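In our numbering, the protein residues as written are 3 to 319.
All residues carry an ideal CB built from backbone N, CA and C; glycine is no exception.
This one's a predicted model, so the numbers in the text were calculated from it and none came from an experiment.
The structure appears below as structure tokens.
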Ligand code: CP
């Protein structure tokens, strides 16, 4: 079956998932993102004319701080016209379907859609529906995928660790409900990370998670031993049906990343979190704000990575 993200020439047509995304395309996006930066951790990002005359529509049916804002900044840095559809005051609240909304935005000459939706598959649905010259980027769909988050995470790892082939990476927390974790696992394994671990209680892991190519741990001391990178996850309470945990305090005691638990990792391990963070639930402030944390660099790098994704889709070099 043809990869729905690629056109007939094998080029990126839509960005929907890191699953099935070829390593050459991931590496091209990371390399291109680096050209928008000056190599520092808090870089200046210059404005370039690569999307001049194009219209990017941000349609977010779920809340967002980082993704929506950095997509807007990225599109503006590429000189695109940016429209942020306010879903709360749009006609979807009067019963208009998702595809009717999209058709109307296409009639306003949209060139690219950035879509966040609570339903897994929403971005795929739009990608199948729109004309071939229109591009769709999945900005998070249900618990399925969040590909630009995973790509900015890969950029951050490469920035600090230089290579993927010698790393031990641990993903900690609510893997079961996390689109970020799924996209990270596919990206890490595609880029050649030899050991990807997941650390969580049994109730927060998908069944058969080992089939994704990860090693499973339920104990932080063992799972964090000698890792180079720690990817923390938020407890996704909004997606939990029933009580999967005794309490937030109990969770923090066993799985919250404290300085003591961080000491099991390599001394130069980096700590990452996609945000929003719940301090005192999955991560202690001493770690979130500590010397191993690169959490705010992830956000800044996200602008460059999203610029790289949009300019790749638009055919810009
Ligand atoms: N990481 C992430 O998706 O954050 P937002 O929900 O703020 O976009």
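Query: If you follow the beta strand (DSSP E) that residue 110 is part of, which residue opens it and which one closes it?; Result: No beta strand (DSSP E) contains residue 110, which DSSP labels as neither H nor E.
Query: Exposed or buried, what is residue 96 when buried is set at 16 or more other beta-carbons lying within 10 Å of its beta-carbon?; Result: exposed
Query: The ligand CP and residue 170: does the residue's C-beta get closer than 6 Å to at least one heavy atom of that ligand?; Result: no
Query: Tell me residue 62's beta-bridge partners as DSSP assigns them.; Result: 118
Query: Rounded to the nearest angstrom, what separates residue 288 and residue 316 at their Cα positions?; Result: 42 Å
Query: Which residue comes first and which comes last in the beta strand (DSSP E) that contains residue 312?; Result: That residue, residue 312, is in no beta strand (DSSP E); its alpha helix (DSSP H) goes 297-315.
Query: Hey, residue 119 and residue 125 are a contact pair by Cβ (cut 8 Å); roughly how many whole angstroms apart?; Result: 7 Å
Query: Let me check you understand the geometry: is the CB of residue 66 closer than 6 Å to at least one non-hydrogen atom of the ligand CP?; Result: yes
Query: According to the Cβ coordinates, are residue 129 and residue 256 closer than 7 Å?; Result: no
Query: How long is the line joining the alpha carbons of residue 184 and residue 86, rounded to whole angstroms?; Result: 27 Å
Query: How far does the beta strand (DSSP E) with residue 83 in it reach, from first residue to last?; Result: 83-87
Query: Could you name the residues of the same chain whose beta carbon sits closer than 8 Å to that of residue 136, not counting the 5 residues immediately before and after it, in chain order?; Result: 108, 112, 113, 114 and 115
Query: Which value, in whole angstroms, describes the spacing of the CA atoms of residue 12 and residue 33?; Result: 18 Å
Query: With a threshold of 16 other CB atoms inside 10 Å of the CB of residue 22, please say whether the residue is buried or exposed.; Result: exposed
Query: Kindly indicate the opening and closing residues of the alpha helix (DSSP H) around residue 127.; Result: 124-131
Query: Between residue 69 and the ligand CP, is the CB less than 6 Å from at least one heavy atom?; Result: yes
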